[in-house]
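Working notes, beginning with the structure itself.
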Amino acid sequence: MEPTTKPTTYTAFEKDVISGLTEYPKHLSSKFIYDKKGDKLFQEIMAMPEYYLTECEYDILKNQSAAIAEKFSLKNGFDLIELGAGDGKKTKLLLNHLSDIKANFTYLPVDISQNVLDELGTALQNEFPKVDFELLQGSYFDVLNQLSSYNKRQKVILVLGSNIGNLMHKDAIDFLKKIQNNMSPEDLLFMGFDQKKYPQTVLDAYNDPNGITEAFNKNLLERINRELDGNFDLDAFFHWETYDPETGTAKSFLVSKAAQEVRINKLNLNINFKSWETIHTEISQKYDDETVEWLASKANLGIDKVFESENGFYKNYAFKKL
Ligand code: AVJ
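Following the numbering used here, the numbering of the sequence shown begins with 569 at its first residue and continues without gaps.
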């Protein structure tokens with residue numbers, strides 16, 4: 569009898585590694601940075617003084633929560649749906665205000681990680697015993713699709729942290745379109761966009777002297793070593809950041825210090841690097857009002873109101889369906 573080989577089915581991570589490391593120039597997707605270790609490193613990034621984004625958005629939510637809440641249907645009630653809730657640190661500022669004014673709402677944090685949600689649930693119970701909440705585990709769109717059917721009151725969709733910045737404009741438009749598809753005319757999308765600014769300030773945010781961002785970026789290689797039985801020598805690569813002030817695109821790379829071969833056993837793959845060869849791993853897009861307006865209009869959304877941090881580094885936009 570002929571030996572039969574089982575068809576191989578690859579995970580999304582494996583597919584990205586195979587295509588990304590066999591194409592030229594090489595690339596890997598930043599979304600795979602976020603395993604347990606990557607999540608922890610990102611928490612450390614958010615606490616770095618150079619990573620101004622966190623504090624700017626925190627300030628907006630702290631100082632402008634009343635003006636933000638005016639956009640919500642305080643009378644008829646609303647659902648506050650947060651995509652990628654994490655530890656909810658910034659959202660709690662809004663929850664504070666909303667519970668002060670006794671708003672009628674349900675908080676629905678969505679996250680892919682059940683661990684993260686369980687911790688958030690415990691914190692909410694302790695800190696906001698009167699706030700009605702429901703934890704939703706899953707990908708953003710599964711959850712959004714379910715929601716559009718089951719409620720009649722206003723939906724306020726929160727996407728904080730300039731997470732959209734990891735997407736090229738085309739993908740950002742698709743992301744906005746998928747949200748727009750699940751919105752009714754009275755619904756609101758509230759989203760953070762990091763702004764164009766003095767280029768060195770951007771570079772410093774993605775190139776800290778303590779090597780936290782470097783470790784975060786290299787976690788992609790570590791994950792390949794851990795999960796796919798690879799033998800990447802982490803010291804044979806370094807982190808490199810660029811920022812193009814014209815396009816507003818910050819780009820992260822891992823650069824090979826020397827010619828080398830890497831073996832990834834689980835994928836039966838050998839990868840050759842020339843010296844100075846790059847792996848492009850992430851973009852962190854910076855915006856201006858015109859670009860945000862253009863992206864939104866492509867997704868049939870319009871800017872309803874803009875909330876700006878005091879230094880102008882960061883903005884949260886409230887969008888409605890056009
Ligand atoms: C989580 C996408 C907002 O691009 O600023 C931080 C991720 N990468 N430092 C960003 C990140 C390097 C972050 N986002």
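Idealized CB from N, CA, C, for every residue including glycine. These numbers were taken from a predicted model, which means no experiment stands behind them.
_asparagine 672 versus Ile680, Asn644, Lys660, Thr690, residue with shortest Cα-Cα distance_ = Asn644
*Using CA coordinates, which residue listed in Lys583, Phe761, Lys723 is at the minimum distance from asparagine 749?*
Lys723
*asked:* Measuring alpha carbon to alpha carbon, tell me which residue in Gln611, Pro593, Lys883, Leu863 is nearest glycine 656.
replied: Gln611
*To the nearest angstrom, how far is it from the Cα of lysine 786 to the Cα of arginine 794?*
12 Å
_Three-state class that DSSP yields for proline 753 in the structure shown_ = coil
*Best match in Ile832, Ile636, Lys854 for proximity to histidine 665 [C-alpha to C-alpha]*: Ile636
*Assuming glycine 798 contacts lysine 854 (C-beta within less than 8 Å), just tell me the rounded distance between them.*
The pair is not a contact, with the Cβ atoms about 33 Å apart (cut-off 8 Å).
*Among Leu757, His848, Leu728, which has the Cα closest to the Cα of asparagine 868?*
Leu757
_Separation of lysine 594 from asparagine 775, as counted between CA atoms_ = 21 Å
*For glutamate 845, is the classification buried or exposed, using 16 other Cβ atoms within 10 angstroms of its Cβ as the cut-off for buried?*
buried
_Measuring only the C-alpha atoms, how far is leucine 822 from aspartate 627?_
33 Å
*asked:* Tell me the DSSP secondary structure of glutamate 591 in three-state form.
replied: coil
_Own chain, CB closer than 6 Å to leucine 589, minus 5 neighbours either side, in chain order_ = Excluding positions up to five away in sequence, the list reads Ile839.
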